[in-house]
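Chains as they are written, first to last, in my numbering: chain Z, 1 to 311; chain P, 1001 to 1374.
All C-beta atoms in this analysis are idealised placements derived from N, C-alpha and C, irrespective of residue type, glycine included.
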Amino acid sequence: MSEQSIHTSVPAELAPPGKVGRLSRLMHRSERARGYGLIAPALTFMLCAILLPFAILVVMSFWTATGFDFDTSFSLENYKQALERPIYAALLERSLWMSGIATVAAVVLCYPMAYFVAFHVHRHKMFWIILMTLPFWTSYLLRVFAWKVVLGYEGVINSFLISVGLIEEPLEVLLYSQSAVIITLAHAWAAFAILPMYVSLEKIDRSLLEAATDLGDGPVMRFLRVTLPLSLPGVISASLLIFIPTTGDYITPALLGGPDGAMIGNLIQKMFGPINNWPMGATLSILLMLCISVICVLFILLTLFVRRRIS
Amino acid sequence: MDVLDQLGSMREGKMSRRAFTRSLFASGVAIAAVPMGGRKVLAAPEDQATFFTWGGYDIPELFVPYSEEHGELPNFATFGGSEEALTKMRGGYVVDVSHPCNQALPRWVASDLFQPIDTSRLSNWPDVMPGLVNLPGNDAEGGNVWMAPFDWGQTSITYRTDLFELEGEESWDMLWDERYKGQLGSLASGGDAWWCGAIKAGVDFENIDTPEAFDKIAAVMREQRPLIRTYTDDTTTLEQALASGEMVAAMTWNASATLLKAEGVPVKFAEPKEGALTWVCGVMVHKDAPKLDLAYDVIDSLLSVESGKFMINDYGYGHSNAKSFEQFDSETLASLGLSSNPGEILNAGHFQVPQSQEWETKMNGLFEEIKAGF
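Take a look at the structure:
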């Protein structure tokens, strides 16, 4: 941060005195102005692209739909319906549950990979990172379709099992089920688990590990008392990075979920599409955001607690 | 920078981070620049009209006259259901031509998003069958129409003749057959499925907007739901599943059965004893169509005999141009479930009846709940 601000002030000092000079002097003297100057582009973008649509969403969730038009008088009807009709709560719960499992699976499976590259690869680390993220250079949709091919009725798994002679009829449970969605989500977002965990593992000071060994910790205790707590920030950010977007995912359940694998994202999309009830869609989006926020806060508190206990 | 030098340093594993980024940047710029070189040779796609249509109509075969004249195809955008399309356009999406069906026509007109079609600008209009033009809500001022009819057909059951053991006559009960639990498929859009449910439940289309009708249809849809492998708006998914034997019967339009037969899959497009669901679809011009002249060329191309022959022969749909049927004998037409007199087919089945926006919203909401298992 400080290095960056020095860089930005260099051309200003070279500029001729006058208006620009005064501005640069102000920038130079006040740390706060410099800070605001630096975050201004991102802040403006956030205001226009995130806060404004969010405000519209909040306002709209208090409207009601009448045919094609909106009744813009304030009403809590949508929220009341969302609490009363079982479908909304059930889909919300199912989405949180499914993406929770997908997140845990992705983090648990990717942690060893990140660990391996951070601690046991000494040359060509960049090459390994590129290799691990290579599958994610293709489009998300393509990866979902690839899973459809793998899990399908005449897909890779079924053909293999039949040719080996383990089953006679193709397994139908593979595709169009909740497990298909969970498998695909866990795989499709794996890159978002590997990279943050790799970064936080890479940063760990190796002398701490040596110190732990010197003080008599075996490999398991050393991992639990030093490596794991120090890599927790990476685990937390990986979990959040996967959990938040997958809960609202709709393309994977739409293609692989079948009737039982639908998630709340599908319903929200339908609300803005064929059902044509935008206020209800807005309400569901906000409820989804609230649920995710609560879960994320609980999760962060829990990991902080765990970290304090074990370190 | 010297390429050989860089390759050498890479082999030795000594490439600096800066050099690596620089070569990445260079190759990125090079790749981005490649399409710009050849750009001017082609007619630019932004000069063409945009046709917003059902998946499967975005193919060159339907635009032979158009591409002969303009050197390129129109731009395509596709949708899975006409409600979705209308919602998108109400949200501000401007296209030149779109593709609703008779059931949606009055609501599309009422949305004030479309302009009447000046039929004198269409060279193929005199050959269009009048029975398809005279639909409820289709007259605009001055003898013009809102929707130029293009295709018509049925929603029925495509089933595998070798895998599905028929009990008695073909009937809608086939899609409610407990023996084939998990091997049946359905279109996801309420615009088809709900109406087929009404036929199955024995609800007359005139009374489809009554609470009793809603209860009756919802009951049969709930009964069907556990039997369905998947609901989808993507007909290719249904076709592939039928071809592989993953599904033995599915609710489809004419085209799926015709395409599968052409590939040698033993399927039949059922003629259910209760009657199939029938419809007429056509094209409408957006009020703010940016390429109005080209929009008329798109319509004319769709109404042409060339397109008609393709529609009948390859997709098995009816076409609105009377001359398209002259190429086929009545036997071929009958085997496709068509006739040169559309009235015969449309009235033999259950012809969709336009409904109010409230009905659509209520029906779609309820059907989504049922599909999700409630």
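Practice task
State the Cα-Cα distance for the pair residue 45 of chain Z and residue 34 of chain Z, rounded to the nearest angstrom.
Solution key: 18 Å
Exercise for the section: Determine, using beta carbons only, whether residue 1346 of chain P and residue 1195 of chain P come nearer to each other than 9 Å. Expected result: no
Exercise for the section: Please report how far the alpha carbon of residue 1330 of chain P lies from the alpha carbon of residue 1338 of chain P, in whole angstroms. Expected result: 9 Å
Exercise for the section: Would you mind reading off the limits of the beta strand (DSSP E) that contains residue 1280 of chain P? Expected result: 1277-1286
Problem - With 16 other Cβ atoms within 10 Å as the buried cut-off, status of residue 1259 of chain P - result: Buried, since its Cβ has 16 or more Cβ neighbours within 10 Å.
Exercise for the section: List in chain order: all unbroken alpha helix (DSSP H) runs of 4+ residues lying wholly within the region 103-133 of chain Z. Expected result: 125-133
Problem - chain P residues whose Cβ lies nearer than 9 Å to that of residue 70 of chain Z - result: Within 9 Å Cβ-Cβ: nothing; residue 70 of chain Z doesn't reach chain P, min ~12 Å.
Handout entry: chain P contacts made by the region 113-125 of chain Z, where a contact means CB separation under 9 Å
Key = 123, 124
Problem - Where residue 214 of chain Z sits in the DSSP three-state scheme - result: helix
Handout entry: Integer-rounded CB distance, given that residue 176 of chain Z should sit under 8 Å from residue 261 of chain Z
Key = 7 Å
Practice task
Step through the CB atoms of chain Z and report whether any lies within less than 9 Å of the CB of residue 1369 of chain P.
Solution key: yes
Exercise for the section: Check each residue of the region 1348-1374 of chain P: if its Cβ is closer than 8 Å to any Cβ of chain Z, include it; give the result in chain order. Expected result: 1356, 1357, 1358, 1360, 1361, 1364, 1365, 1368, 1369, 1371, 1372, 1373, 1374
Exercise for the section: Just tell me which of Z:232, Z:119, Z:289, Z:116 has its CA closest to the CA of residue 309 of chain Z. Expected result: Z:232
Exercise for the section: Just the C-alpha distance for residue 1097 of chain P and residue 300 of chain Z, rounded to the nearest angstrom, thanks. Expected result: 51 Å
Handout entry: Within-9 Å CB hit, residue 233 of chain Z to chain P
Key = no
Practice task
Classify residue 950 of chain P as buried or exposed, calling it buried when 16 or more other Cβ atoms lie within 10 Å of its own Cβ.
Solution key: Here chain P comprises residues numbered 1001 to 1374, so residue 950 of chain P is not present and cannot be evaluated.
Exercise for the section: State yes or no: is the beta carbon of residue 78 of chain Z nearer than 9 Å to at least one beta carbon in chain P? Expected result: The Cβ of residue 78 of chain Z sits no closer than 9 Å to any Cβ of chain P.
Practice task
Put residue 259 of chain Z into one of helix, strand or coil per three-state DSSP.
Solution key: helix
Problem - Cβ of residue 1087 of chain P within 9 Å of any chain Z Cβ - result: yes
Exercise for the section: Would you mind sorting residue 14 of chain Z into buried or exposed? The rule is 16 or more other CB atoms within 10 Å of its CB. Expected result: Because residue 14 of chain Z sits at a pLDDT of 49, beneath the cut-off of 50, its placement in the model cannot be relied upon, and the point is left open.
Handout entry: Closer than 9 Å at the beta carbon, the chain Z residues around residue 1160 of chain P
Key = Within chain Z, no residue comes near residue 1160 of chain P; the closest Cβ sits about 13 Å away, beyond 9 Å.
Practice task
Taking only the alpha-carbon atoms, compute the straight-line gap between residue 162 of chain Z and residue 1076 of chain P and give it to the nearest angstrom.
Solution key: C-alpha separation (whole angstroms): 41 Å.
Problem - Spatial neighbours of residue 1277 of chain P in its chain, beta-carbon cut-off 8 Å, leaving aside the 5 residues before and after - result: 1154, 1155, 1156, 1192, 1195, 1196, 1199, 1349, 1350, 1352
Problem - CA nearest to the CA of residue 99 of chain Z, picked from Z:249, Z:149, Z:280, Z:270 - result: Z:249
Exercise for the section: Could you give the DSSP three-state label for residue 948 of chain P: helix, strand or coil? Expected result: Outside the shown range of chain P, which is 1001 to 1374, sits residue 948 of chain P, and nothing can be said about it.
Practice task
Report buried or exposed for residue 1050 of chain P, applying the criterion of at least 16 other Cβ atoms within 10 angstroms of its Cβ.
Solution key: buried
Exercise for the section: Give a yes or no on whether 9 Å exceeds the smallest Cβ distance from residue 1031 of chain P to chain Z. Expected result: no
Handout entry: Buried versus exposed, by CB contacts within 10 Å (16 or more), residue 85 of chain Z
Key = Per the 10 Å Cβ criterion, exposed.
Problem - C-beta contact flag for residue 1336 of chain P and residue 1316 of chain P at 9 Å - result: yes
Exercise for the section: Check the DSSP bridge columns for residue 1159 of chain P and list the partner residues they point to. Expected result: For residue 1159 of chain P, which the question treats as bridged, DSSP gives the partners P:1249, P:1268.
Practice task
Enumerate, from N- to C-terminal direction, the unbroken beta strand (DSSP E) stretches of 3 or more residues contained entirely within the region 1096-1176 of chain P.
Solution key: 1148-1160
Handout entry: Within 9 Å, strictly: CB atoms of residue 1104 of chain P and residue 1266 of chain P
Key = no
Exercise for the section: Can you check the region 146-197 of chain Z for any alpha helix (DSSP H) of at least 4 residues that lies completely inside it and give the ranges in chain order? Expected result: 156-164, 178-188
Exercise for the section: Have a look at Z:192, Z:39, Z:80 and flag the residue whose alpha-carbon is nearest the alpha-carbon of residue 234 of chain Z. Expected result: Z:192
Handout entry: Euclidean distance between Cα positions of residue 1115 of chain P and residue 1066 of chain P
Key = 21 Å
Handout entry: Per-residue contacts from residue 1244 of chain P into chain Z (C-beta, under 9 Å)
Key = The contacting residues are 152, 153, 154, 170.
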